[in-house]
Each structure stands twice: as structure tokens, then as C-alpha cells.
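Counted the way this note's numbering counts, the sequence shown spans residues 3 to 283.
Beta carbons: idealized from backbone N, C-alpha and C, even for Gly.
Have a look at the structure below, then the notes.
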Amino acid sequence: MYLVFDIGGSKTRLGISEDKQTLFGEPKVIDTPKVFEDGIKLISQTVGEMLAGKKLIAAAGGVAGVLDKTKSELARAPHLEGWAWKPLKESLETALNCPIKLENDSAVVGLGEAHEGKGKGQRIVAYLTVSTGVGGARITNGKIDETSLGFEPGHQIIDPNGLTCLACGVKGHLEAYVSGYQIGITYKMPAYEIADANVWEELSKYLAIGVNNVLVHWSPDIVVVGGSMMKQVGIPIERVRAHLKEMLKIFPTIPPIELATLGDLGGLYGGLALHRENTNL
Numbered sequence: 003m004y005l006v007f008d009i010g011g012s013k014t015r016l017g018i019s020e021d022k023q024t025l026f027g028e029p030k031v032i033d034t035p036k037v038f039e040d041g042i043k044l045i046s047q048t049v050g051e052m053l054a055g056k057k058l059i060a061a062a063g064g065v066a067g068v069l070d071k072t073k074s075e076l077a078r079a080p081h082l083e084g085w086a087w088k089p090l091k092e093s094l095e096t097a098l099n100c101p102i103k104l105e106n107d108s109a110v111v112g113l114g115e116a117h118e119g120k121g122k123g124q125r126i127v128a129y130l131t132v133s134t135g136v137g138g139a140r141i142t143n144g145k146i147d148e149t150s151l152g153f154e155p156g157h158q159i160i161d162p163n164g165l166t167c168l169a170c171g172v173k174g175h176l177e178a179y180v181s182g183y184q185i186g187i188t189y190k191m192p193a194y195e196i197a198d199a200n201v202w203e204e205l206s207k208y209l210a211i212g213v214n215n216v217l218v219h220w221s222p223d224i225v226v227v228g229g230s231m232m233k234q235v236g237i238p239i240e241r242v243r244a245h246l247k248e249m250l251k252i253f254p255t256i257p258p259i260e261l262a263t264l265g266d267l268g269g270l271y272g273g274l275a276l277h278r279e280n281t282n283l
């Protein structure tokens, strides 16, 4: 069996597959422990229950945060501070007794959308997630583009004198404006309770600036946007498109800006794609 995982700041999703193509049974969702050692133990225990005696061949998936150059440890993890600079890859390989492929969680979700979601069939897919934080990745020909330290589109500066990003302490980052965590702080209520359309209109402008920057830097065939802030109560994608039309004039056409379709399973489908890509796993 092959394990796929999506280790987020609050929830961890786990799935297994026999053929690297489809998920076997229902995925498991567990709360992500803040203590690293507790997390490894809980993941190992849950995977053991899922396997029910079957042999695990390999595991692949994403984790929330910035991985080091060897993709074996979290160099920075604002939402998983207790996991930073811990032997993540080594600990998982020991606990699960199999090789592990680690990537950033947003990049793996983007990979899933490129293979099985809204980006399917497109050569270059830009993926953005607007959730507790803001992340994303560039997927080319069905693979996560190579980088030195990963993609962090949420930390692009859209106003150098603006709000302070609480994840890193720098002013004016996109994440400071449109992430669920900072929306709750700015407006003093959970994002899903905000009923004022003017607020969401303002946030759609900020997100459009971010998408504009993604387009001029990554030049994708499509931009896929997912995450909890893009749901029914959230940033209206049609307003993002409208603002973008007023901002982006350098290109003859604007690529499609679409909502993600895989929801909470995006990271698991991305994990399956990692398994198919890495035949040595």
C-alpha cells in the first residue's frame, strides 16, 4: 500500500492507495498535535489502523511550512512552531518503516489540482490557497517546479507601509490582508461571520493584486484558487476577476482564474501524483 498525507497547521489528512491512482477507502482526518513527537506517534498509530496488517511500501505528501533545501526538515513553520528544525523525514521513515517524499503542503495541493482538478490538461498551473495562511506553487507539465526554498506567494509585498504579517513580522504581505487568521484579527470576528459585502469587496481587491503579481511572474495558463476564504462566505472570485481586468494590461489576454475543485482532498491527490512521479518510492 502507498500512503498519502497532508499535514496542516490544524488538521492532518491521511489516505492509502493500492495503485497510486485512487484512494482506498475513506481518508482519515486527525487534529495535528502541536508537539512534534506526539504528531509522529499519532500519525504512525493512525496509519497502522488504516493498513490493518497490509504492508506499507512508501509515503508521499505535504506539510505546512518552509522546508529546508534537503526537504527533510521544516525550516520555518508559523502554524507548526513545535515542528521546526525537527528530523521530520527521518522520524516518519522510522515510524512508518518506508521511504518518504516531502513537499510543501500548498504545492502538493496545487499538484493535485493540476492532475485531477481544475488545472487538469493545462501545461502551466499557478495554484494559490487562501486559508488560515496564504500559499501556492507553480506546476509545470504535471510537476512541482524546482526551487531553492519553495514558493511563498503569500509573502509578496502588496503595500510596503501596510499591515504587519503575523507569520513573519514584515509589513504589507498579501497574507496580512486575505488570510483567515489575520482577517479574524483585523475585523475582530471569524471570517465566516463577516456579512458586510464591502469587506469582501475590499479583500477581493487585495487578492487581485496578488493574482496580478503571480501572473506577471509565473505566466501560467490558468490560476487555480482554493482554500477556506474562497468558499460561499468569503472572497468572491468574480470580483477578483473584475479587479484584475483593471490591473493587468501588459498581456493581450488574461488566463482563466478559477476556483479549485478538489476541496480537502487536494493534498491527497497531489500525494498520489508524487508517488507516480517518483518511481523509486
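Is residue i helix, strand or coil by DSSP?
i: D8; result: strand
i: I146; result: strand
i: V235; result: coil
i: H277; result: helix
i: K71; result: coil
i: K173; result: strand
i: L283; result: coil
i: G268; result: helix
i: L25; result: coil
Below 6 Å CB to CB, which residues in the same chain sit around residue i once its five sequence neighbours on both sides are set aside?
i: W220; result: A128 and R140
i: I42; result: S93 and A97
i: V37; result: G84
i: A109; result: A139 and I146
So, for residue i: in the same chain, excluding its five sequence neighbours on each side, which residues have a beta-carbon less than 8 Å away from its beta-carbon?
i: E177; result: G135, V136, G156, H157, C167, A169 and Q184
i: K247; result: I256
i: L53; result: M3 and I18
i: G186; result: P192 and A193
Quick one, are the C-beta atoms of residue i and residue j less than 7 Å apart?
i: L294; j: V49; result: Outside the displayed range of the chain (3 to 283) lies residue 294, so it cannot be described from this structure.
i: G138; j: F153; result: yes
i: M230; j: S150; result: The residue you asked about is not Met; residue 230 is Ser in the sequence shown. No. Outside cutoff.
i: V235; j: L205; result: no
i: M3; j: L58; result: yes
i: A62; j: L276; result: yes
i: D8; j: G64; result: yes
i: E75; j: L90; result: yes
i: K71; j: L274; result: no
i: G272; j: G114; result: yes
i: I211; j: I252; result: no
i: N280; j: M249; result: no
i: L264; j: G27; result: no
i: D198; j: I126; result: no
Could you work out which residue in the options is closest to residue i when comparing CA atoms only?
i: M232; options: K247, V218, I259 and I252; result: I259
i: A262; options: V111, V213 and V227; result: V227
i: V225; options: G273, T131, G265 and E28; result: T131
i: P80; options: A244, L104 and A66; result: A66
i: D33; options: G174, R15 and E39; result: R15
i: K56; options: P35, E20 and T142; result: E20
What residues in its chain sit with their C-beta under 7 Å from that of residue i, if we drop five residues either side in the sequence?
i: S46; result: A97 and L98
i: G182; result: S133, T134, A193, S230 and M231
i: E95; result: P101 and I102
i: K207; result: H245
Hey, could you find the ends of the alpha helix (DSSP H) residue i is sitting in?
i: K43; result: F38 to L53
i: L165; result: Here L165 belongs to no alpha helix (DSSP H), and DSSP marks it neither H nor E.
i: L209; result: A199 to W220
i: I126; result: No alpha helix (DSSP H) contains I126, which is instead part of the beta strand (DSSP E) from I126 to V132.
i: I185; result: G182 to Y189
i: A97; result: L90 to L98
Check for me: the beta strand (DSSP E) holding residue i runs from which residue to which?
i: E105; result: I102 to N106
i: G260; result: The question names Gly, yet the displayed sequence has Glu at residue 260. Run containing E260: I259 to L261, per the beta strand (DSSP E) assignment.
i: T14; result: K13 to S19
i: L250; result: It is not in any beta strand (DSSP E) - L250 carries neither H nor E in the DSSP assignment.
i: K30; result: K30 to D33
i: A61; result: A60 to V65
i: L82; result: Taken as a continuous stretch (DSSP letters only), L82 belongs to no beta strand (DSSP E), as it is neither H nor E.
i: G228; result: I224 to G228
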